[in-house]
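Q: Here's a structure for you.
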Amino acid sequence: MIDMTLTSRQIFWMMISMQIIMTLLLTTAPAFQTAKQDAWISALIGTGIGCGIAYVCAKLNLMFPGKTLIEYSRVLVGKWLGGLVASLYLIFWISLFGLILQQFKMFILATILPFTPPYIIVLLLIGVVLYLTLHGVGAIARCCEVMGPIIVFGVLAPVLFAINRVDFDQLLPVFVDSGAFAIFKGALPTATFLGDCILMTVLLSFVGTKRKVVRHAVIGVLVSGMFTVLSVFACLLIFGYHVTQGYPYPFLIVVRSISLSGVIENLDAFLIAVWIMSVFVKLALYLFVSSYGTAQLIGIKSWVKLVWPIAAIGTIMALIPLNYVESSIIIPTKLFVPYTLPTLMSGLPLAMFIIAIIRRKKTGAASAGK
Amino acid sequence: MKGAISEQSQLSDAAMKAKLSGNLEENVRVLGTIFFGCEDVITHDFSVDGQRKAVTVYLKGMINTELLDRQVLSILKSADSSTFESLQVAREKLSVSDSRQIGTIEQFVREVMGASPVIMIDSLEGAIVVGLTQYDKRSIEEPQAESVVRGSRDGFIESMTVNTSLIRRRLRTPALKFVSFKVGRYSETTVRIGYIDGIAKPEVIAEVSDKISQIDIDGVPESATIEEWIEDDNYSPFPQLQSTERPDVASSALLEGRVVILTDNTPIVLIAPTTFWSLMQSSEDYYERFLIGTLIRWLRYLFFVVALLAPSVYVAILTFHHEMVPTTLLLRIAKSREEIPFPAWMEAFIMEITFEALREAGVRLPKQIGSAVSIVGALVIGQAAIQAGIVSAPMVMIVAITGISSFMLPQYSMSVSLRMLRFPIMILSAIVGLYGLIICVIVIISHLCILRSFGVPYLSPIAPITANGLKDTLIRAPLKKMKRRPAFFAKGDLIRNGRRSDDPT
Numbered sequence: 002m003i004d005m006t007l008t009s010r011q012i013f014w015m016m017i018s019m020q021i022i023m024t025l026l027l028t029t030a031p032a033f034q035t036a037k038q039d040a041w042i043s044a045l046i047g048t049g050i051g052c053g054i055a056y057v058c059a060k061l062n063l064m065f066p067g068k069t070l071i072e073y074s075r076v077l078v079g080k081w082l083g084g085l086v087a088s089l090y091l092i093f094w095i096s097l098f099g100l101i102l103q104q105f106k107m108f109i110l111a112t113i114l115p116f117t118p119p120y121i122i123v124l125l126l127i128g129v130v131l132y133l134t135l136h137g138v139g140a141i142a143r144c145c146e147v148m149g150p151i152i153v154f155g156v157l158a159p160v161l162f163a164i165n166r167v168d169f170d171q172l173l174p175v176f177v178d179s180g181a182f183a184i185f186k187g188a189l190p191t192a193t194f195l196g197d198c199i200l201m202t203v204l205l206s207f208v209g210t211k212r213k214v215v216r217h218a219v220i221g222v223l224v225s226g227m228f229t230v231l232s233v234f235a236c237l238l239i240f241g242y243h244v245t246q247g248y249p250y251p252f253l254i255v256v257r258s259i260s261l262s263g264v265i266e267n268l269d270a271f272l273i274a275v276w277i278m279s280v281f282v283k284l285a286l287y288l289f290v291s292s293y294g295t296a297q298l299i300g301i302k303s304w305v306k307l308v309w310p311i312a313a314i315g316t317i318m319a320l321i322p323l324n325y326v327e328s329s330i331i332i333p334t335k336l337f338v339p340y341t342l343p344t345l346m347s348g349l350p351l352a353m354f355i356i357a358i359i360r361r362k363k364t365g366a367a368s369a370g371k
Numbered sequence: 051m052k053g054a055i056s057e058q059s060q061l062s063d064a065a066m067k068a069k070l071s072g073n074l075e076e077n078v079r080v081l082g083t084i085f086f087g088c089e090d091v092i093t094h095d096f097s098v099d100g101q102r103k104a105v106t107v108y109l110k111g112m113i114n115t116e117l118l119d120r121q122v123l124s125i126l127k128s129a130d131s132s133t134f135e136s137l138q139v140a141r142e143k144l145s146v147s148d149s150r151q152i153g154t155i156e157q158f159v160r161e162v163m164g165a166s167p168v169i170m171i172d173s174l175e176g177a178i179v180v181g182l183t184q185y186d187k188r189s190i191e192e193p194q195a196e197s198v199v200r201g202s203r204d205g206f207i208e209s210m211t212v213n214t215s216l217i218r219r220r221l222r223t224p225a226l227k228f229v230s231f232k233v234g235r236y237s238e239t240t241v242r243i244g245y246i247d248g249i250a251k252p253e254v255i256a257e258v259s260d261k262i263s264q265i266d267i268d269g270v271p272e273s274a275t276i277e278e279w280i281e282d283d284n285y286s287p288f289p290q291l292q293s294t295e296r297p298d299v300a301s302s303a304l305l306e307g308r309v310v311i312l313t314d315n316t317p318i319v320l321i322a323p324t325t326f327w328s329l330m331q332s333s334e335d336y337y338e339r340f341l342i343g344t345l346i347r348w349l350r351y352l353f354f355v356v357a358l359l360a361p362s363v364y365v366a367i368l369t370f371h372h373e374m375v376p377t378t379l380l381l382r383i384a385k386s387r388e389e390i391p392f393p394a395w396m397e398a399f400i401m402e403i404t405f406e407a408l409r410e411a412g413v414r415l416p417k418q419i420g421s422a423v424s425i426v427g428a429l430v431i432g433q434a435a436i437q438a439g440i441v442s443a444p445m446v447m448i449v450a451i452t453g454i455s456s457f458m459l460p461q462y463s464m465s466v467s468l469r470m471l472r473f474p475i476m477i478l479s480a481i482v483g484l485y486g487l488i489i490c491v492i493v494i495i496s497h498l499c500i501l502r503s504f505g506v507p508y509l510s511p512i513a514p515i516t517a518n519g520l521k522d523t524l525i526r527a528p529l530k531k532m533k534r535r536p537a538f539f540a541k542g543d544l545i546r547n548g549r550r551s552d553d554p555t
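See below:
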């Protein structure tokens, strides 16, 4: 049974469950490297940008109820240009789907399963993702509602357990060392990762009752961003930026350092297991959005048929042997931050939003004139 | 004899549909071929009104003969000829409250097989059915599989009439409706659905009735047949209908807006639709104080996870993630595993399968031998295996806690599926450690999210989430606070209590 309706609250949980872990793991390190102990300000700015993108996307979607980006981009900028915009997004989403799998593979290999053949990790996960995605976006949404709270717990618990070792002096000096430009530059990776809320341009068309949908969407991104800020604070207050910046996954050292009465230690394997849920949800959403979008773009009725080839493309991309630096540092910072963040994530939605408003005013004026 | 059997099987549908004629001898001849070889069908012929012939046909041991003789036959025998002007008049003379007329051979056969005595009178077309069904049934006892400390002690039995009355006694309203179906070509089992009009969702009622009337099967040995036939996903390990032996559970399910399905000849009543959370609840949650109810509910959720994951976590940690165990504990475990010839996963498998075998043997064996099995089992698993160095003591503890946890679940069908799911998780944990374990958990969660029971998402009210539904899943809120029925079951009258209007809402 394919289930295709969502509630606006489910959008909130979707954003939470897909964004928290990847953002927190992959953007704190670059933030620390550029903004030093002011990384938390960077994360805050990044969250602000992310929320802005979410707001624009949600508002834009509300103007075209029941339609996805693929459909309304043609309405807004004409058939050919719209098709180009839509295919750009789809290429971006499909390649991102592969890249997330790739990053996830690197992460698991680097942390809990160093001796396992990579294809086992990838194939197991892609199998589960396929199972859920083939049952439609409603099932994914319900999955988010179950896993969201578990994921939130998986981030909050280590922070709470480690709270006794907080040292507020690590925050100082504020702003002096890095300067405004570095802080803003440090915000860009976070903004890029939170900017994947542009998935909403497709997802929101499935929401049944639109009431509060903008609020839920923006708050979802906001809360996800706040968890990144929290993780930055946790790393900073417990270890200081000198220690933290050397690690690829800074939050993981917070988890590793937990010790409860000397009995519960080294929780990292356990928490990584919980975090896998977030990556799983993210992959399912990307797979759904790209196959549904592709089906709309090339005019195929059944999007389910496209899930398989796209999953195969993603798997092949994920199995390309890259090293950690290439997959998690070079591609995001050298490709996404300078190119996709200003264009696909913020520029294009904003431009379409403005065009939509202008066109609506025109048609409104025209109809008023009659 | 062979000839008669073939003649009976050749009796066409048209012949079965034929009307009972006014000629008694002709009718008896046709019925004689149908009932040929059925020694328990008694055809008793007698005369009424001096000369007129009459016949009563019934199943031996299934009717109240005493009443038939006293209230039907003796009255007919002593009646005057004016009684036999028509079947209607004859029927009105009987001192039986439940009687009706039938017309066709098929109805005749069905009524006799349904254990009602049928009377035919010569020269009158049709026959009279008198509702004097009575057969042996066991007395109402305390349910075995769903025992409670506090709560009513009566349980459903094999008789549908008794079961219906047990529910009706608790809900004395005409809004409680029952609809019957006949299921099974040979068994002709009565299946009855009950619902409260104005609370239950019409679409659910329609779906349940639809699915039951579409069942095409030769016989219904137990309600499990019905369950399997009407559930949405046959391949899911999770039960999609709740089963109960307790009338109080059935009637509170009715009040929640659910539909109960009673099957004749079984004490197990099905409840649809079902959610994951309702399978985790026991009736006693509502009979104890709400704090205790909440606490026990949480204990159950916790041990659900333990029962599902404990051996896999043990295997995964010992095989892949030693660093998670504190050093002193790890040393203890390592010491006890020193002489064990197997890797942890094989040890876990041996123990778990042995435990499952013991449990199954304990259930199947007669009670007298059952205890012997449990003693031997305890010795084999607990003491000898450890002393012989085949399995380690921590593993025995893990298996024991897993077994006990799986017994904590109130629904047997749920604990069975749980026990089954444990094994694939163990295999994957043995191959890729905690990663495999979490992949399995994700598969299970995804499956639960996908699953629906009669249109209701299996995980509601957690997914999709409703604040009101949380009052009866995460906690067991005080009854005064649970003002509304769960909206995913009910429709229409949603107010449970607080209708007296001093309440500001």
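For the protein sequence lines, the chains are V and D, in the order given. So in our numbering, spot 61 of the first sequence is number 62, and the numbers just go up one at a time. So in our numbering, spot 378 of the second sequence is number 428, and the numbers just go up one at a time. No residue lacks a Cβ here, since even glycine has one placed at the ideal position from N, Cα and C.
(1) Which residues in chain D sit within 7 Å of residue 111(V), going by Cβ to Cβ distance?
(2) Along the segment 436 to 465 of chain D, where does the CB come closer than 8 Å to a CB of chain V? Name the residues.
(3) Can you find a CB in chain V that lies within less than 8 Å of the CB of residue 471(D)?
(4) What residues from the segment 489 to 505 of chain D come within 7 Å of chain V, judged by C-beta to C-beta, listed N to C?
(5) In terms of alpha-carbon separation, which member of 174(D), 213(D) and 274(D) lies closest to residue 187(D)?
(6) Chain V beta carbons: is any one of them nearer than 8 Å to that of residue 487(D)?
(7) Three-state secondary structure (DSSP) at residue 318(D)?
(8) For residue 72(V) and residue 201(D), what's the separation of their Cα atoms in angstroms?
(9) Please report the straight-line C-alpha distance between residue 112(D) and residue 165(D), rounded to a whole angstrom.
(10) With which residues is residue 106(D) paired in a DSSP beta bridge?
(11) Can you pull out the residues from the segment 272 to 286 of chain V whose beta carbon lies closer than 7 Å to at least one beta carbon of chain D?
(12) State the DSSP-derived secondary structure class of residue 175(V), mapped to helix, strand or coil.
(13) Tell me which residues share the same chain as residue 486(D) and place their Cβ nearer than 6 Å to its Cβ, disregarding the 5 neighbours each side in the sequence.
(14) Could you tell me whether the Cβ atoms of residue 211(V) and residue 66(V) are closer together than 8 Å?
(15) Leaving aside the five residues before and after residue 148(D) along the sequence, list all residues of the same chain whose C-beta is less than 6 Å from its C-beta, in chain order.
(16) Any C-beta of chain C within less than 8 Å: which residues of the segment 114 to 126 of chain V qualify?
(17) Below 8 Å on the Cβ atoms is my guess for residue 35(V) versus residue 253(V); work out the distance and round it to an integer in Å.
(18) What residue does the beta strand (DSSP E) around residue 292(D) start on, and which one ends it?
(19) Answer with buried or exposed for residue 221(V), where buried requires no fewer than 16 other C-beta atoms within 10 angstroms of its C-beta.
(20) Pick from 270(V), 103(V), 31(V) and 303(V): whose alpha carbon is nearest that of residue 368(D)?
(21) Counting only beta-carbon atoms, is residue 94(D) nearer than 8 Å to chain V?
(22) With C-beta atoms as the reference, is residue 345(V) less than 8 Å away from residue 93(V)?
(23) Looking at the unbroken alpha helix (DSSP H) that takes in residue 413(D), where does it start and where does it end?
(24) Which class does residue 12(V) belong to by DSSP, given the choice of helix, strand or coil?
(25) Do residue 294(D) and residue 196(D) count as a contact pair if the criterion is CB distance below 8 Å?
(26) With a cut-off of 8 Å on the beta carbons, I'd call residue 80(D) and residue 155(D) a contact; round off their distance for me.
(27) Quick one: what does DSSP say residue 418(D) is sitting in, helix, strand or coil?
(28) Give a yes or no on contact between the segment 254 to 264 of chain V and the segment 20 to 38 of chain V, applying the rule of three or more CB pairs nearer than 8 Å.
(29) Taking three-plus beta-carbon pairs below 8 Å as touching, is the segment 237 to 249 of chain V in contact with the segment 77 to 84 of chain V?
(30) Taking 8 Å as the CB-CB cut-off, is residue 1(V) touching chain D?
(31) Decide if the segment 418 to 437 of chain D is in contact with the segment 505 to 518 of chain D; the criterion is three or more beta carbon pairs, one per stretch, under 8 Å apart.
(32) Tell me the rounded alpha-carbon separation between residue 122(D) and residue 190(D).
(33) Residue range of the alpha helix (DSSP H) that residue 67(D) falls in?
(34) Over the uninterrupted beta strand (DSSP E) stretch that includes residue 378(D), give me the two end residues.
(35) Does DSSP put residue 351(V) in a helix, a strand or coil?
(36) Taking the straight line between their C-alpha atoms, what separation do you get for residue 292(D) and residue 413(D)?
A: Straight from the coordinates:
(1) Those do not exist, as residue 111(V) stays about 13 Å from chain D at its closest Cβ, beyond 7 Å.
(2) none
(3) So no, residue 471(D) is outside the interface.
(4) 489, 492, 493, 495, 496, 499, 500 and 502
(5) 213(D)
(6) yes
(7) coil
(8) 60 Å
(9) Roughly 6 Å between the two C-alpha positions.
(10) Its beta-bridge partners are 94(D) and 169(D).
(11) 274, 277, 278 and 281
(12) coil
(13) 478 and 479
(14) If you check the CB distance, residue 211(V) and residue 66(V) come in under 8 Å.
(15) 181
(16) No chain C is part of this structure, whose protein chains are labelled V and D.
(17) So it is not a contact: roughly 20 Å between Cβ atoms.
(18) 292 to 294
(19) buried
(20) 270(V)
(21) no
(22) Yes, the pair counts as a contact, with Cβ atoms nearer than the cut-off.
(23) From DSSP, the alpha helix (DSSP H) with residue 413(D) extends over 394 to 414.
(24) helix
(25) yes
(26) 6 Å
(27) helix
(28) Output reads no: the segment 20 to 38 of chain V does not touch the segment 254 to 264 of chain V.
(29) Between the segment 237 to 249 of chain V and the segment 77 to 84 of chain V, the count of Cβ pairs shorter than 8 Å is below three; the stretches do not touch.
(30) In this structure chain V extends from 2 to 371, so residue 1(V) is not present and cannot be described.
(31) No contact exists between the segment 418 to 437 of chain D and the segment 505 to 518 of chain D.
(32) 30 Å
(33) 63 to 67
(34) In the DSSP annotation of this structure, residue 378(D) is not part of any beta strand (DSSP E); the continuous alpha helix (DSSP H) holding it starts and ends at 377 to 386.
(35) helix
(36) The alpha-carbon atoms of residue 292(D) and residue 413(D) are separated by roughly 21 Å.
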